[in-house]
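Engineer:
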Amino acid sequence: MHIEFLVEDLSTAEVLSYLLPNILSDSITFETHSFQGKQDLLSKLPKRLKGYKKWIPNYYRILILVDKDNEDCQKLKRKLEKIAVDAGFVTKSVAKGQKKKKYQLINRIMIEELEAWFFGDIQAVTK
Numbered sequence: 000m001h002i003e004f005l006v007e008d009l010s011t012a013e014v015l016s017y018l019l020p021n022i023l024s025d026s027i028t029f030e031t032h033s034f035q036g037k038q039d040l041l042s043k044l045p046k047r048l049k050g051y052k053k054w055i056p057n058y059y060r061i062l063i064l065v066d067k068d069n070e071d072c073q074k075l076k077r078k079l080e081k082i083a084v085d086a087g088f089v090t091k092s093v094a095k096g097q098k099k100k101k102y103q104l105i106n107r108i109m110i111e112e113l114e115a116w117f118f119g120d121i122q123a124v125t126k
């Protein structure tokens, strides 16, 4: 398996570059792609996903990570899901409702945990 991580900034990509080799098995490869912030990621995501859809092998997965910031989580998740579905992907959320259908894309919203790691707030990390 190979996982493509699409993240909104370089700091998230850097954290993943150190964290992932320690938690993924040796059989899983990955690459991180950072953007110039959340708005940059969201504006480029439709074309990026349509491009992936043209060539991506079955053993690839895409994981999109964005910060919640001050947005409504549910609205942000719906927006990400719509972009993915419009590009032709089955997301984990969609597959969950359609038994036996495999997914290739996961949308995840980070809520304070990454920042807590940066500032050493262990209580926030363990919540």
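Sequential numbering of the sequence shown, starting at 0, is according to numbering that gives the first Met the number 0.
Just so you know, even glycine gets a beta-carbon here, dropped at the ideal spot from N, CA and C.
None of the values given here were measured: they were computed from a predicted structure.
1) So, phenylalanine 34 versus valine 14, is the Cβ gap smaller than 9 Å?
2) From the DSSP output, read off the bridge partner residues of asparagine 106.
3) Would you give the residue range spanned by the beta strand (DSSP E) that valine 6 belongs to?
4) Just grab the DSSP bridge partners of threonine 90 for me.
5) So, helix, strand or coil for glutamate 80, using DSSP?
6) Beta-carbon within less than 6 Å of methionine 0's beta-carbon, same chain only, minus the 5 sequence neighbours each way: which residues are those?
Structural biologist: Considering the structure as presented:
1) Sequence index remark: in the sequence shown, residue 34 carries index 35 (1-based). Sequence index remark: in the sequence shown, residue 14 carries index 15 (1-based). No, the pair does not count as a contact, with Cβ atoms beyond the cut-off.
2) As a first step, residue 106 must be located in the sequence shown, where it is residue number 107. Partner(s): Ile63.
3) In the sequence shown, residue 6 corresponds to position 7, counting from 1. 1-6 is the extent of the beta strand (DSSP E) around valine 6.
4) Here residue 90 corresponds to residue number 91 of the sequence shown, with the count starting at 1. Looking at the DSSP assignment, threonine 90 forms a beta bridge with Leu104.
5) As a first step, residue 80 must be located in the sequence shown, where it is residue number 81. Helix at glutamate 80.
6) Against the sequence shown, residue 0 aligns to sequence position 1. Ile27 and Tyr58.
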